[in-house]
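Here's the structure we're looking at; comments come further down.
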Ligand code: NDP
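In full-length UniProt numbering, the protein residues as written are 1 to 236.
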């Protein structure tokens, strides 16, 4: 059993983020999740924050630090899609996705790494996507943001690697959550044909990998992209 850590997951009220929180709780860690509405799972401290609103993030971090201690493991999970073809994509649809999925990650990262540098220990796990490196028709905004997370994790690795901090991207393929449930059924079937595993994954299959990356066993892994995609990206 690894020493208990203070873990913060953004977007922990549902989907992959909630499942990640449950996994860390099951492993005996001190877990906080950010929520815009609703609550995280039982056993997690739910703090209200929107990743597009820096003041709300500051408040949330202060509450976590006061109640659970400085954040040692950050999982930047909150994300949205605004899918449409390039020709039809409005500035707003592009900017909304970049502001949440990229700028939002920057904001939480900058705040979380302060404490990690002081403690000379930290684990940063960014939830990317298979489409960050594979590309995806109709997701110019989303895949641009997700591929940028790879550069971010690798830059943090170079900047902070000597201070006991690792930074990695977990790149899920298709996972059964509200995000994929929003896709038309015909499109879901079409995607399944392209996935070597022949199915979508359950959120827990992502959560286990995230928790492992935060464990002592993964202490020498940094700047990596770990696919959890049933073979869709062929390991990138
Ligand atoms: P869901 O749509 O089920 O959940 C998204 C979560 O992000 C919710 O908790 C949501 O909060 C939160 N969120 C969205 N915008 C903000 C914001 N501005 N501030 C704070 N929280 C916010 O998505 P998934 O669980 O499927 O996805 C989680 C992550 O995994 C995302 O980054 C996604 O891009 C990535 N991913 C998902 C894949 C999939 O197939 N499902 C595949 C690859 C990557 P609220 O409930 O308030 O809306």
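Glycine included, each C-beta is placed from N, C-alpha and C at the ideal position. Every value quoted in this text rests on a predicted model; they were computed, and no experiment measured them.
Fully enclosed alpha helix (DSSP H) runs of no fewer than 4 residues occupy 54-68 of the segment 31-89, in order along the chain. Where residue 232 is concerned, there is no enclosing beta strand (DSSP E), because DSSP gives it neither an H nor an E.
With at least 16 other beta carbons inside 10 angstroms of its own, residue 72 counts as buried.
If you ignore the 5 residues before and after residue 235, its C-beta comes within less than 7 Å of the C-beta of 227, all in its own chain and listed in chain order.
By the Cβ test, the segment 157-172 is in contact with the segment 201-211, since at least three Cβ pairs between them sit closer than 8 Å. Residue 219 counts as exposed, since fewer than 16 other C-beta atoms from the protein chains shown sit within 10 angstroms of its C-beta. The alpha helix (DSSP H) runs of length 4 or more contained entirely in the segment 152-185 are, from start to end of the chain, 178-181.
For residue 18, DSSP assigns no beta-bridge partner whatsoever. Excluding five sequence positions before and after residue 1, the CB atoms of its chain that fall closer than 7 Å to its own CB belong to 28, given in chain order. Looking at the backbone, the Cα of residue 30 and that of residue 79 are separated by about 23 Å. DSSP, reduced to helix, strand and coil, places residue 6 within a strand of the structure shown. Here DSSP, grouped into helix, strand and coil, assigns residue 224 to coil.
When DSSP states are grouped into helix, strand and coil, residue 117 belongs to the helix group.
Excluding the 5 residues flanking it on each side, residue 138 has same chain C-beta neighbours closer than 7 Å at 83, 84 and 85, in chain order. Secondary structure of residue 138 (DSSP, three-state): coil. Residue 127 sits in a strand when the DSSP states are folded into three classes. Around the CB of residue 48, fewer than 16 other CB atoms lie within 10 Å, so the residue is classed as exposed. For residue 196, no alpha helix (DSSP H) segment is defined, and its DSSP state is neither H nor E.
If you ignore the 5 residues before and after residue 44, its C-beta comes within less than 7 Å of the C-beta of 12, 21, 25, 31, 32 and 33, all in its own chain and listed in chain order.
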